[in-house]
Amino acid sequence: MLKSVLPTYITGESVYSWVCQYFVQSAYCDRNHFCDQLFHHPAIRLHPLLPGHIEATAQAAGVDPQYLLHHGTGFPLFALTLNNKHQVHALAAAMLGEGSGIMALSGQAAIKLRVGGACLKWCPACLLEDEKEFGCGYWHTVHQLYGVTACAKHELRLQTLAASAGGIDRRLLLPDSAMPCELSRPSEQELYLSTFITALHWYLCVQSPTESLAELYQRWLGQQGYLTARGHLRSQPLLQAMTEFWQGLFADITPTVPPGLANYRYVSGLVHGNRNHHYLKHMMLMAFVSRSPAEFFSISSPPTVQIQSTMPSDGQLSETAILTLLVNRVPMRQIACQTGYSIGYIKVSVRPLPSGEWRQLWTK
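The opening position of the sequence shown corresponds to residue 1 in UniProt numbering, with each subsequent residue numbered one higher.
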């Protein structure tokens, strides 16, 4: 094991960030040797959002692995949008273990949504606060989430640093206030989406929704008039409403979120829940129908409506009603077909009529 002072895990810190803290405070200058000691493998590249080796990291940090899996990565959001528990367990096992096949298990490899290369993101205002409180900056988990391009706390657009082979590659770096940055304000929709995703991540760290997203979408859309009485999606008005609602998100020449999100044809697949979709697509619909994750998951089931059978039970149709049909010269056979009563029962109902009328109806 590494001979160094273990950094304290900071609530909300990403797994990648804690490993960086450990490396900076360790006696090792060589990154490969450090990773070999910690992970038993020198050539490790930790993804900012979906890292592997969480079990080993948690053991070194003295933190529960499941806690670190949820609070230190994007796992809760990806797990929410996977179709079955087997896929969720497989993704968790890969991230806790050596990280094999994480991109495929998370559904990203099969989902046609260009989210760009891996990058590290930070808020300049958060960085100054962190340096003052903890003595150094750290990478916030929620800032690394896809779709989060603004800090919900300070309402500033996040700064980015490429983390793939063309950027810092396998280096282990912490954010530094000396890093160049350009302060800018996000658009209203950009801030709203970032805040919603941030809140959802925190929500999923402490809550485990049991109902399917498809069922919840159907309740919300039905309540807002985007479903027909037979449960069919009113696609045209819904797509138009979503286009107007999110138009500010794609107003820039270079949108801060994947442009593919503006093609809302994927909404039908979300509502019917027929396959996995990137969580960003879910966010576009979820944040459209509700104002917060807590509100979204709190919608109750519509009241059950008892639908009466068209075939009446005994005594359901009064003799008076049958007599009314008879007086209106409706043939007995037709009444029998309409009501479900036997002709014998109808003849019994005829007896109160005057004898002349009774004989006329009897022959019909």
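Yeah, the Cβ is synthetic: ideal placement off N, Cα and C, and Gly gets one too.
Source: prediction; values computed, not measured.
*State the beta-bridge partners of Lys121 as determined by DSSP.*
Note: Lys121 sits in a beta bridge opposite Thr160.
*Nearest-angstrom Cβ-Cβ length linking Leu82 and Gly107, presumed shorter than 8 Å*: About 6 Å separates the two Cβ atoms, so the contact holds.
*When the distance is taken between beta carbons, is Leu221 closer than 8 Å to Val289?*
Taking 8 Å as the Cβ cut-off, Val289 and Leu221 qualify as a contacting pair.
_Going by DSSP in three states, His282 sits in which element: helix, strand or coil?_
In the structure shown, His282 sits in a helix (DSSP, three-state: H, G or I).
*When the Cα of Ser187 is compared with those of Trp246, Tyr203, Cys20, which residue comes out closest?*
Nearest C-alpha to Ser187: Trp246.
*Can you list, in chain order, the stretches of the alpha helix (DSSP H) that have 4 or more residues and sit fully within the stretch 237-305?*
List check, alpha helix (DSSP H) in window: 267-272, 279-289, 293-298.
_C-alpha gap between Gly117 and Ala229, whole angstroms_ = Each residue's alpha carbon lies about 43 Å from the other.
*Identify the residues that DSSP records as bridge partners of His140: which are they?*
Beta-bridge pairing links His140 to Glu13.
_Residue of Leu156, Val142, Leu174, Ala162 minimising C-alpha distance to Ala131_ = Note that residue 131 corresponds to Glu in the displayed sequence, not to Ala. Comparing Cα positions, the closest option is Leu174.
*Distance between beta carbons of Tyr9 and Ala92, contact taken as under 8 Å*: About 19 Å; that fails the 8 Å criterion.
*Could you give the distance in angstroms between the alpha-carbon of Cys126 and the alpha-carbon of Phe23?*
One C-alpha to the other measures close to 22 Å.
*asked:* Here's the rule: buried if 16 or more other CB atoms are within 10 angstroms of the residue's CB, otherwise exposed. What is Gly99?
replied: Classification for Gly99: buried.
*Tell me, please, whether the stretch 281-296 touches the stretch 256-266 by the rule of three or more beta-carbon pairs shorter than 8 Å.*
Touching, yes, given that three or more Cβ pairs across the two stretches are closer than 8 Å.
*What distance in whole Å lies between the Cβ atoms of Gln159 and Cys136, which are believed to be in contact at a cut-off of 8 Å?*
Actually they do not touch by this definition, with Cβ atoms about 17 Å apart.
_Which residue marks the beginning of the alpha helix (DSSP H) containing Ser194, and which one marks its end?_
Counting along the chain, the alpha helix (DSSP H) containing Ser194 begins and ends at 188-206.
*Cβ neighbour criterion (16 or more within 10 Å) applied to His143*: Result: buried.
*Which first and last residues belong to the alpha helix (DSSP H) in which Cys151 is found?*
Neither: Cys151 is in no alpha helix (DSSP H) and is coded neither H nor E.
*asked:* Output needed for Leu270: all residues of its chain with C-beta closer than 8 Å, excluding positions within five of it in sequence on either side, in chain order.
replied: In the same chain as Leu270, and ignoring 5 residues on each side of it, the C-beta atoms closer than 8 Å to its own belong to Leu213, Ala214, Tyr217, His277, Lys281, His282, Leu285, in chain order.
*asked:* Can you tell me where the alpha helix (DSSP H) holding Ala79 begins and where it ends?
replied: Going by DSSP, Ala79 is part of the alpha helix (DSSP H) stretching over 75-80.
*For Leu227, the three-state DSSP class (helix, strand or coil)*: In the three-state scheme derived from DSSP, where H, G and I count as helix and E and B as strand, Leu227 is classed as strand.
*Buried or exposed: where does Cys151 fall if 16 or more other Cβ atoms within 10 Å of its Cβ makes it buried?*
Around the Cβ of Cys151, a 10 Å sphere holds 16 or more other Cβ atoms; the residue is buried.
*asked:* I need the boundaries of the alpha helix (DSSP H) containing Val88, first residue and last residue.
replied: For Val88, the enclosing alpha helix (DSSP H) covers residues 85-96.
_Measuring only the C-alpha atoms, how far is Tyr264 from Met95?_
One C-alpha to the other measures close to 31 Å.
*Comparing alpha-carbon positions, which option in His71, Asn84, Ile322, Thr324 lies nearest Pro48?*
The option with the nearest alpha carbon to Pro48 is His71.
_Whether Gly248 touches Gln189 by CB criterion (8 Å)_ = Contact flag set, yes.
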